[in-house]
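Position 127 of the sequence shown, counting from 1, maps to 127 under the UniProt record's numbering, and the rest follow consecutively. We treat Cβ as the ideally placed atom computed from N, Cα and C, and that holds for glycine. Note that the structure is a prediction, hence the values are computed from the model and not measured.
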Amino acid sequence: MPREGTGPDFIEALARGLEVITAFGPHQPEMTLAEVATAAGLARPTARRILLTLEELGYVRAGGRGYALTPRVLDLGVAYVRSMGLWDVARPHLERLVARTGESCSIAQLDGSDIVYVARVAVPKIVGLSVQIGTRFPALPTSLGKVQLAALPPAELEAVLAQPTRSGLVPRWRPERAERDAELREVRARGWALTDEQLALGIRSVAAPLRDGSGRVVAGVNVNCHAAETPVERLLDHHLPLLLQTAGEISADFARLDDVPHVTVPAVS
1 MPREGTGPDF IEALARGLEV ITAFGPHQPE MTLAEVATAA GLARPTARRI
51 LLTLEELGYV RAGGRGYALT PRVLDLGVAY VRSMGLWDVA RPHLERLVAR
101 TGESCSIAQL DGSDIVYVAR VAVPKIVGLS VQIGTRFPAL PTSLGKVQLA
151 ALPPAELEAV LAQPTRSGLV PRWRPERAER DAELREVRAR GWALTDEQLA
201 LGIRSVAAPL RDGSGRVVAG VNVNCHAAET PVERLLDHHL PLLLQTAGEI
251 SADFARLDDV PHVTVPAVS
């Protein structure tokens, strides 16, 4: 039956229109007037008026057997997706990961030889370095940076790391090229990165790459903890599987966001 309102501002006609739209399904792509009325729990005259209105608006078309939805219905869902930013899409996933691990979780992107934090859900724990949106660190000694550097072609990697850091931080780990390349090869092979006090004392984290619809690495997501509280074994055995699952879910949402059709409406002269 159509949803009933709970207050004087409830618009019953709008609710009935939405009920008609949602009455169509995978096994009912086209329905007669009587079938629509039955599925939506409406009187036939009411269902007919709604269908004719939706047809005039372009959301329904009349076919040989009855009525069917048009692709314009997609605009209703697309409006929601377009209203959200990339990191708005990721945030609920981060919140669930924080709830399951009890640790702070962040997303960062490469900017030259640094990473910049673009999304973060923190827990109230004391760590050696303050992190907020916009914080930047040298990429190489961070797990978030490693998973992104490992995805770069060799020439681009060298060009990126040749740029001076703008973080103002001198990391504890400053490897020679051979050690650096070996570390990134390992990250590339296993699909995730670990940093154990390489950036600063007490900072331990594990990260996974985030990909867009084409498979390109566009960011990294991590679980960060204090080395004195969380051993490496706990980080890898418990937190890492949850992190990899979350990275896959966020990447899938990023891909769906990429697939949203972008319609350009010509300007009226």
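Checklist entry - Do you know how far the Cα of residue 16 is from the Cα of residue 324? => result What is shown of the chain runs 1 to 269, which leaves residue 324 out entirely.
Item to check | DSSP-derived helix/strand/coil call for residue 201 | outcome: Looking up residue 201 in the sequence shown gives position 201. Secondary structure at residue 201: coil, using DSSP grouped into helix, strand and coil.
Checklist entry - Which residues in the same chain as residue 44 place their Cβ atom closer than 8 Å to its Cβ, once the five residues preceding and following it in sequence are excluded? => result Start at 1 with the first residue of the sequence shown, and residue 44 comes out as number 44. Only 33, 34, 37 meet the Cβ criterion.
Next on the checklist: The alpha helix (DSSP H) that contains residue 138, what's its start and end?
Outcome noted: Counting from 1 along the sequence shown, the entry for residue 138 is found at position 138. Run containing residue 138: none in the alpha helix (DSSP H); it sits in the beta strand (DSSP E), 136-138.
Checklist entry - Around the C-beta of residue 94, are 16 or more other C-beta atoms found within 10 angstroms, so that it is buried, or is it exposed? => result Translated into positions along the sequence shown, residue 94 becomes position 94. Buried, because 16 or more other Cβ atoms sit within 10 Å of the Cβ of residue 94.
Checklist entry - Roughly how many angstroms separate the alpha carbons of residue 176 and residue 163, rounded to a whole number? => result Your numbering for residue 176 matches position 176 in the sequence shown. Your numbering for residue 163 matches position 163 in the sequence shown. Residue 176 and residue 163 have their alpha carbons spaced roughly 16 Å apart.
Item to check | Spatially closest choice to residue 218 from 165, 196, 110, by CA coordinates | outcome: The residue you call residue 218 lines up with position 218 of the sequence shown. Among 165, 196, 110, the Cα nearest to that of residue 218 belongs to 110.
Item to check | Which of helix, strand or coil DSSP assigns to residue 130 | outcome: Sequence index remark: in the sequence shown, residue 130 carries index 130 (1-based). Collapsing the DSSP output to three states places residue 130 in coil.
Checklist entry - When you compare each of 236, 214, 213, 212 to residue 223 by their alpha carbons, which one comes out closest? => result By one-based count along the sequence shown, residue 223 stands at place 223. If you compare the alpha carbons of 236, 214, 213, 212 with that of residue 223, the shortest gap goes to 236.
Item to check | Bridge partners - residue 114, DSSP secondary structure assignment | outcome: Sequence index remark: in the sequence shown, residue 114 carries index 114 (1-based). As computed with DSSP, residue 114 is found in a beta bridge with 111, 138.
Checklist entry - Just the Cα atoms here: how many angstroms apart are residue 226 and residue 255? => result Along the sequence shown, one-based indexing puts residue 226 at 226. Along the sequence shown, one-based indexing puts residue 255 at 255. For residue 226 and residue 255, the distance between alpha carbons rounds to 33 Å.
Checklist entry - Quick one: is residue 114 buried, meaning 16 or more other Cβ sit within 10 Å of its Cβ, or exposed? => result Counting from 1 along the sequence shown, the entry for residue 114 is found at position 114. Counting Cβ neighbours within 10 Å, residue 114 comes out buried, since at least 16 surround it.
Item to check | As assigned by DSSP and simplified to three states, the class of residue 209 | outcome: By 1-based counting over the sequence shown, the position of residue 209 is 209. Strand at residue 209.
Next on the checklist: If I follow the unbroken alpha helix (DSSP H) through residue 16, where does it start and stop?
Outcome noted: Here the question's residue 16 lines up with position 16 in the sequence shown. For residue 16, the uninterrupted alpha helix (DSSP H) segment begins and ends at 12-23.
Checklist entry - Under three-state DSSP, which class holds residue 194? => result The residue you call residue 194 lines up with position 194 of the sequence shown. If DSSP states are grouped into helix, strand and coil, residue 194 belongs with the strands.
Checklist entry - For residue 96, which residues of its own chain have a beta-carbon under 8 Å away from its beta-carbon, when the five flanking residues on both sides are left out? => result Here residue 96 corresponds to residue number 96 of the sequence shown, with the count starting at 1. Counting only Cβ-Cβ distances below 8 Å, and skipping sequence neighbours, we find 246.
Next on the checklist: Out of 231, 191, 184, 189, which one is the CA nearest neighbour of residue 202?
Outcome noted: Reading the sequence shown from its first residue, position 202 is the one you call residue 202. Taking only the C-alpha atoms, the option nearest residue 202 is 231.
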